[in-house]
Amino acid sequence: MFSPFVKVETHFGWILVGFLLPILRGGESINPLELSPSARIVGGFSASPGQFPYQVALLRARQISCGGSLIASNWVLTAAHCVHNSDNRVISPSQITVLAGTVNIGQGGVTRGVQRIIPHERYAKSRNDIALLKLLQPYPLGGLIQAIALARSSNLPPPSPVGTRDVIISGWGRLSANGPLPSILQYNRATALTSFQCFWQTGFNGGLLCLQSPANNGACFGDSGGPAVYNQQLVGVASFIIGTCGSRAPDGYVKVSDYIPWIRWTISQNGN
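Just so you know, we're using the working numbering here: the sequence shown kicks off at 580 and counts up by one.
See below:
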């Protein structure tokens, strides 16, 4: 984030404070979703095997630290803050293992090492919070492991009709900020806000998708980097929450369609 923000260390990572706080409802702060061990989709449902074949887990020291989405046999899309240490340096690829092909974090699945970590060059906390991981070995696609299509239209997802929750979010994590840690992948549904509503509630303009859920539902610490999906297309990458898990405030997701040129260019410059 830019200089008006102050970095505050907590056991959950950093919290942004500064000129954004007056615009946030109730003076709530923006919190990254990263945590090790992981967090959970609040108020979610347990996924069935193969229900989300594009979902991957990023493991550090054998514990889940973030989520991600398989967008090609050897490429994972995740959040930039998932691949930075507390001193804001990019971690070594050897520190991350990718797990795909299972909804049970402790059973089954196929792991891959990471060859290269490429965060957005203009990443600054909740701005451009997106990164690509190139795998050492591609996954064989099919069955329980499949790549997901990227949303290419800036109109995706459209603002949800009143009363509907048509965007699917998923991840491994806590039932609440201090709740239990499940082993089974969780999912939930959320409402996409308009760009104006998103700006009004977060202060961010461009590159951001705001997803709203009822109280006691939504993303939580550790769901960072995980997918938001609309009509079988990847529309968002989990980035931050406002206040605490399950609040009525919207959750912040990187808007994938705004980064298609960057994704294409980065992959083309790194050997596909």
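Note that the Cβ used here is the ideal one computed from N, Cα and C, for glycine as well.
DSSP three-state assignment for residue i, whether helix, strand or coil
i, result
"I820", "strand"
"Q776", "helix"
"R843", "helix"
"D802", "coil"
"H699", "coil"
"Q716", "coil"
"S648", "strand"
"I602", "Since pLDDT at I602 reaches only 35, below the 50 mark, its modelled position is unreliable, and the value read off the structure follows with that caveat. Three-state result, I602: helix."
"T770", "strand"
"T743", "coil"
"A659", "helix"
"S792", "coil"
Exposed unless 16 or more other CB atoms sit within 10 angstroms - verdict on residue i
i, result
"T773", "exposed"
"N734", "exposed"
"W844", "exposed"
"F631", "buried"
"P719", "exposed"
"Q811", "exposed"
"T781", "buried"
"N667", "exposed"
"S847", "exposed"
CB contact flag (residue i, residue j, <9 angstroms)
i, j, result
"S762", "G646", "no"
"V693", "L678", "no"
"I675", "R639", "yes"
"A710", "L656", "yes"
"V682", "Q634", "yes"
"P801", "S705", "Before going on, a small fix: residue 801 reads as Gly here, not Pro. No. Outside cutoff."
"D708", "A769", "no"
"L764", "W751", "yes"
"R744", "S671", "no"
"W815", "Y832", "Looking at the sequence shown, residue 815 is not Trp but Gly. Cβ atoms of G815 and Y832: closer than 9 angstroms."
"G623", "Y766", "yes"
Rounded Cβ spacing between residue i and residue j (contact assumed at less than 8 angstroms)
i, j, result
"A807", "I748", "5 angstroms"
"N653", "L729", "No, N653 and L729 are not in contact; Cβ-Cβ is about 15 angstroms, not under 8 angstroms."
"C777", "C789", "4 angstroms"
"A658", "G804", "4 angstroms"
"P736", "A703", "25 angstroms between Cβ atoms; not a contact."
Report yes or no: do the stretch 651-664 and the stretch 624-631 share at least 3 C-beta pairs separated by less than 8 angstroms?
-> no
Segment contact flag, the stretch 694-701 with the stretch 819-829, C-beta cutoff 8 angstroms, min 3 pairs | no
Cβ pair count under 8 angstroms reaching 3, the stretch 781-788 against the stretch 831-839 = yes
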